[in-house]
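J.:
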Amino acid sequence: MNLLVLGPQGSGKGTQAKRISDVHGIPHVSTGDMFRAAIVARTPLGNEVAPILASGELVPDELTIALIRDRLGEEDALRGFVLDGFPRTLEQAEALDEMLASIGRGIDQVLFFDVSDELAAERMRGRAAAEGRSDDTPDILARRLAIYHEQTEPVVGRYRAAGILIPLCAELSVDDVSDQILKALKP
Ligand code: AMP
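Following the numbering used here, the numbering of the sequence shown begins with 4 at its first residue and continues without gaps.
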């Protein structure tokens, strides 16, 4: 089962991706988590992307695509994965299709976490406060949402046109969203 979760930050997709990973025994692959781990470990990649993450901008496609290509080639991802935070641009989506097609695989379903900007922003503010991310200023949070609309919404349209998008009402409680996913996922 090769799944994507798509939606703005604050849509709850990370929480649900972890649950799907536990229930179905497939790895939760989050580019944001991978970048943050690299920053903490002070690897060359981490040092390169640290200021980009702090600014709320996107890491360049080449770096992000290479990261995902390596990760999806690992043993534990061979039976499937739930990809969170990637693809965020049309270029990344095209690269993902190509890398999967080259090994005879494809994306099965795309869960789209539909949530208003107001609620996404409110949840992002709550998380920034809870995690002590004082560098997540209101300007940076607004910038992240703007980038989502500009760069990532076209990716949503791409999967909708492909007929594999499953829209979820992501404004409900965590358990209610999990129920929607349970009903929507192919066995
Ligand atoms: P996230 O935890 O998914 O919200 O990601 C945190 C940050 O990591 C983003 O604001 C970007 O700076 C960077 N990032 C994560 N995934 C990607 C991606 N697919 N393309 C570019 N930048 C990304």
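Every residue gets a Cβ at the ideal spot worked out from N, C-alpha and C, and that includes glycine. Note that the structure is predicted; figures quoted are calculated from it, not measured.
Assuming Q95 and T67 make a contact with CB atoms under 8 Å, what is their CB distance in whole Å?
T.: Between T67 and Q95 the Cβ distance is about 6 Å, and since that is below 8 Å, they are a contact.
J.: For ligand 1, which residues have a Cβ under 5 Å from at least one heavy atom, in chain order?
T.: Cβ atoms closer than 5 Å to ligand 1 belong to Q12, T34, G35, F38, L56, L61, V62, T67, G88, F89 and R91.
J.: Below 8 Å on the Cβ atoms is my contact criterion, and I expect D64 with T92 to pass it. Report the Cβ-Cβ distance as a whole number of Å.
T.: Right, the Cβ-Cβ distance comes to about 6 Å (below 8 Å), so this counts as a contact.
J.: Return the bridge partner residues of P170 from the DSSP annotation.
T.: For P170, which the question treats as bridged, DSSP gives the partners F115.
J.: Name, in chain order, the residues that DSSP records as bridge partners for H31.
T.: Note: H31 sits in a beta bridge opposite V85.
J.: Can you check DSSP and say which residues form a bridge with N5?
T.: According to DSSP, N5 bridges with F84.
J.: Between D139 and the rest of its own chain, which residues show a CB-CB distance below 6 Å, the 5 nearest in sequence each way excluded?
T.: Contacts found: A131.
J.: Run the CB neighbour count on I87, radius 10 Å, all protein chains shown included, and call it buried at 16 or more, exposed below.
T.: Position check: residue 87 holds Asp in this sequence, whereas Ile was assumed. Under this definition D87 is a buried residue.
J.: Can you grab the Cα-Cα spacing for the pair S24 / R74, in whole Å?
T.: Spanning the two alpha carbons is a distance of roughly 15 Å.
J.: Taking only runs that begin and end inside the segment 54 to 107, name each unbroken alpha helix (DSSP H) of 4 or more residues, in chain order.
T.: If we require 4 residues or more, the alpha helix (DSSP H) runs fully inside the segment 54 to 107 come out as 64 to 75 and 93 to 104.
J.: Cβ atoms of A173 and F89: under 8 Å apart, would you say?
T.: Taking 8 Å as the Cβ cut-off, F89 and A173 do not qualify as a contacting pair.
J.: Measure the Cβ-Cβ separation of L9 and L114 and say whether it is below 8 Å.
T.: Contact: yes.
J.: Residues in the same chain with beta-carbon distance under 6 Å from I55, minus the five sequence neighbours each way, listed in chain order, please.
T.: Hits under 6 Å: V62.
J.: Flag this pair as yes or no: are the beta carbons of Q19 and M127 separated by less than 8 Å?
T.: Against a cut-off of 8 Å, the Cβ pair of M127 and Q19 comes out as no contact.
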